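Heads up: the sequence shown is residues 44 to 434, going by our numbering.
All remarks here apply to the structure that follows.
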Amino acid sequence: MGSISTARRLFLKRVSRYGLSLALLTGAKPVFAKSTRTLTGIRISQSAEDHTRVVFDLTGDFEHNLFTLADPPRVVVDLNDTRRSNAIDISTRQTSLMSGIRSASKNGGRLRVVIDLQSKARPRSFELKPDGKSGHRLVVDLHATNLSPTPIKTNQEKRNQRKQKFVIALDPGHGGRDPGAIGKRGTREKDVALSVAKKMKTMINREPGYRAVLTRDADRFVSLRNRVKKARAAEADIFISLHADSFHKPNVKGASVYALSLRGASSEAARWIAKKENSSDLIGGISLDDKDDLIASVLLDLSQTATIQDSLELGSDVLGHIGKVSRLNNKKVQQAGFAVLKAPDMPSILIETAFLSNPSEEKKLRNPKHQHKLAKAVFSGIKKHLKNRQS
Ligand SMILES: [Zn+2]
Numbered sequence: 044m045g046s047i048s049t050a051r052r053l054f055l056k057r058v059s060r061y062g063l064s065l066a067l068l069t070g071a072k073p074v075f076a077k078s079t080r081t082l083t084g085i086r087i088s089q090s091a092e093d094h095t096r097v098v099f100d101l102t103g104d105f106e107h108n109l110f111t112l113a114d115p116p117r118v119v120v121d122l123n124d125t126r127r128s129n130a131i132d133i134s135t136r137q138t139s140l141m142s143g144i145r146s147a148s149k150n151g152g153r154l155r156v157v158i159d160l161q162s163k164a165r166p167r168s169f170e171l172k173p174d175g176k177s178g179h180r181l182v183v184d185l186h187a188t189n190l191s192p193t194p195i196k197t198n199q200e201k202r203n204q205r206k207q208k209f210v211i212a213l214d215p216g217h218g219g220r221d222p223g224a225i226g227k228r229g230t231r232e233k234d235v236a237l238s239v240a241k242k243m244k245t246m247i248n249r250e251p252g253y254r255a256v257l258t259r260d261a262d263r264f265v266s267l268r269n270r271v272k273k274a275r276a277a278e279a280d281i282f283i284s285l286h287a288d289s290f291h292k293p294n295v296k297g298a299s300v301y302a303l304s305l306r307g308a309s310s311e312a313a314r315w316i317a318k319k320e321n322s323s324d325l326i327g328g329i330s331l332d333d334k335d336d337l338i339a340s341v342l343l344d345l346s347q348t349a350t351i352q353d354s355l356e357l358g359s360d361v362l363g364h365i366g367k368v369s370r371l372n373n374k375k376v377q378q379a380g381f382a383v384l385k386a387p388d389m390p391s392i393l394i395e396t397a398f399l400s401n402p403s404e405e406k407k408l409r410n411p412k413h414q415h416k417l418a419k420a421v422f423s424g425i426k427k428h429l430k431n432r433q434s
């Protein structure tokens, strides 16, 4: 994830260490209505003159609504069915952007938190799920409107400047000591994935205006993090991870396409598969858990949401073309927390081409002709996506 420079990373780490853990609230007493969750803390930190971050800690899943009001400028956050913990320390604290915080319980168990601003600021908010260290959180970032945050050029923008080829990173799943799924006839996921990727690479490089790079070109172990790194180093515009699935029921079959989810997997199966695919890094002994909250949330800041949207559209176009040559397990793009899809500015999808645990699909996947068809379908999907995006 090279768009976050090392300096910036260190800076953020430092900020998080100094993160002023001040909890303050003045205002109305909490109403002990049927509130299903509690606001247990408010943490405020200032990472720069023009940026203040307010993190709300909550005991459960919640929904929030944020809006701004003028004269005097303030940001209003409504939390549904929430009460404020009495334990929250009441003190006042200011940053260069905010002059205070207050809260009041509203009708229907709603908790309204008002952030009073020193001057006009642009708020952005997002929710974070529990991650082992912290529970449910709402993050509100305030940016001064007169000073815009340093713009970060996406690969797409860099490419447009240089008018070079459209670079597709192909990521054959697993490799080396990590075979991935293994079929009844001994077909290994890592081999099938590499074979399809190589066919696709040849195909792409023959097409004017396109270039393919592989995150591994041999039966080698590459950590998930390094796969993304390699793709970014090649200034890839999109990232396609190729896999084949397995399941304990041999009758389960069909292809699926995944995009990254930031808010939990879209289905139980998606969660399960993500866990399995992510575990290959544990085999390599490198934990991909970069669970630094601040980093995670900065990644979100960098319009990860837009990248995911693009990934979903790309996935949908690819799925449509795969559907012409293979059976589909899911007709919609699934979302899960795949580590390999986490580049913030590179639309990324993971394709489970078929189930190796299904005997007929294993047979098909071994077949070079079918591999070629699959490769062609994925590339056609990509081209369709680019055409749609231009029009
Ligand atoms: Zn896999």
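Yeah, the Cβ is synthetic: ideal placement off N, Cα and C, and Gly gets one too.
Because the structure is a prediction, the values reported are computed rather than measured.
Cut-off 8 Å between Cβ atoms - residues of its own chain near residue i, not counting five sequence neighbours on either side
{"i": "residue 358", "result": "300, 301, 302, 376, 392"}
{"i": "residue 365", "result": "298, 300, 371, 394, 396, 417, 420, 421, 424"}
{"i": "residue 291", "result": "400"}
Residue i classed as buried or exposed, judged by whether at least 16 other C-beta atoms fall within 10 angstroms
{"i": "residue 238", "result": "buried"}
{"i": "residue 352", "result": "exposed"}
{"i": "residue 229", "result": "exposed"}
{"i": "residue 424", "result": "buried"}
{"i": "residue 386", "result": "buried"}
{"i": "residue 403", "result": "exposed"}
{"i": "residue 214", "result": "buried"}
{"i": "residue 350", "result": "buried"}
{"i": "residue 411", "result": "exposed"}
{"i": "residue 173", "result": "exposed"}
{"i": "residue 151", "result": "exposed"}
{"i": "residue 401", "result": "buried"}
{"i": "residue 227", "result": "exposed"}
Cβ separation of residue i and residue j, assumed to be a contact under 8 Å, to the nearest whole Å
{"i": "residue 179", "j": "residue 109", "result": "Residue 179 to residue 109, Cβ: 16 Å. No contact."}
{"i": "residue 418", "j": "residue 242", "result": "4 Å"}
{"i": "residue 408", "j": "residue 156", "result": "At roughly 53 Å, the Cβ-Cβ gap does not stay under 8 Å, so residue 408 and residue 156 are not in contact."}
{"i": "residue 286", "j": "residue 232", "result": "6 Å"}
{"i": "residue 165", "j": "residue 148", "result": "No, residue 165 and residue 148 are not in contact; Cβ-Cβ is about 27 Å, not under 8 Å."}
{"i": "residue 360", "j": "residue 427", "result": "5 Å"}
{"i": "residue 252", "j": "residue 370", "result": "At roughly 32 Å, the Cβ-Cβ gap does not stay under 8 Å, so residue 252 and residue 370 are not in contact."}
Coil, strand or helix - residue i by DSSP
{"i": "residue 419", "result": "helix"}
{"i": "residue 190", "result": "Reliability fails at residue 190, whose pLDDT of 42 lies under 50, so the model's placement of it is uncertain and the value that follows must be treated cautiously. Of the three classes helix, strand and coil, the one that applies to residue 190 here is coil, per DSSP."}
{"i": "residue 219", "result": "coil"}
{"i": "residue 170", "result": "strand"}
{"i": "residue 350", "result": "helix"}
{"i": "residue 86", "result": "strand"}
{"i": "residue 245", "result": "helix"}
{"i": "residue 65", "result": "Because the pLDDT of residue 65 is 26, which lies under 50, any placement of that residue in the model is unreliable, and the question is left without a value."}
{"i": "residue 268", "result": "helix"}
{"i": "residue 291", "result": "coil"}
{"i": "residue 280", "result": "coil"}
{"i": "residue 355", "result": "helix"}
{"i": "residue 229", "result": "coil"}
{"i": "residue 131", "result": "coil"}
{"i": "residue 399", "result": "coil"}
{"i": "residue 275", "result": "helix"}
{"i": "residue 238", "result": "helix"}
{"i": "residue 254", "result": "strand"}
Top-ranked residue by Cα proximity to residue i, from the options
{"i": "residue 158", "options": "172, 137, 117, 168", "result": "117"}
{"i": "residue 382", "options": "165, 271, 403", "result": "271"}
{"i": "residue 121", "options": "183, 161, 249, 164", "result": "183"}
{"i": "residue 207", "options": "234, 278, 232, 213", "result": "278"}
{"i": "residue 212", "options": "260, 83, 227, 220", "result": "260"}
{"i": "residue 181", "options": "187, 167, 398", "result": "167"}
{"i": "residue 82", "options": "104, 364, 94", "result": "104"}
{"i": "residue 293", "options": "225, 267, 394", "result": "225"}
{"i": "residue 435", "options": "169, 186, 151", "result": "Outside the displayed range of the chain (44 to 434) lies residue 435, so it cannot be described from this structure."}
{"i": "residue 362", "options": "257, 281, 420", "result": "420"}
{"i": "residue 92", "options": "162, 396, 274, 154", "result": "162"}
{"i": "residue 210", "options": "367, 283, 174", "result": "283"}
{"i": "residue 123", "options": "397, 96, 107", "result": "107"}
{"i": "residue 395", "options": "276, 240, 254", "result": "240"}
{"i": "residue 389", "options": "137, 355, 365", "result": "355"}
{"i": "residue 399", "options": "384, 288, 119, 94", "result": "288"}
{"i": "residue 99", "options": "90, 171, 153, 137", "result": "171"}
{"i": "residue 274", "options": "262, 291, 256, 290", "result": "256"}
{"i": "residue 216", "options": "262, 276, 414", "result": "262"}
{"i": "residue 169", "options": "348, 254, 129", "result": "348"}
Same chain, Cβ closer than 7 Å to residue i, neighbours up to 5 away in sequence not counted
{"i": "residue 304", "result": "378, 379, 380"}
{"i": "residue 115", "result": "159"}
{"i": "residue 194", "result": "Because residue 194 carries a pLDDT of 45, less than 50, the predicted location of this residue cannot be relied on, and no value is offered for it."}
{"i": "residue 265", "result": "218, 258, 259"}
{"i": "residue 422", "result": "243, 246, 247"}
Contacts around residue i, its chain only, beta-carbon distance under 6 Å, and the 5 residues preceding and following it disregarded
{"i": "residue 431", "result": "none"}
{"i": "residue 66", "result": "Confidence is the limiting factor: at residue 66 the pLDDT is only 27, short of 50, which leaves the residue's position unreliable and the question unanswerable from this model."}
{"i": "residue 80", "result": "101, 102, 103, 105, 125"}
{"i": "residue 176", "result": "none"}
{"i": "residue 373", "result": "299"}
{"i": "residue 223", "result": "216, 217, 232, 233"}
heavy atom of ligand 3 below 7 Å from residue i C-beta
{"i": "residue 291", "result": "Ligand 3 is not part of the structure shown, which contains ligand 1 as its ligands."}
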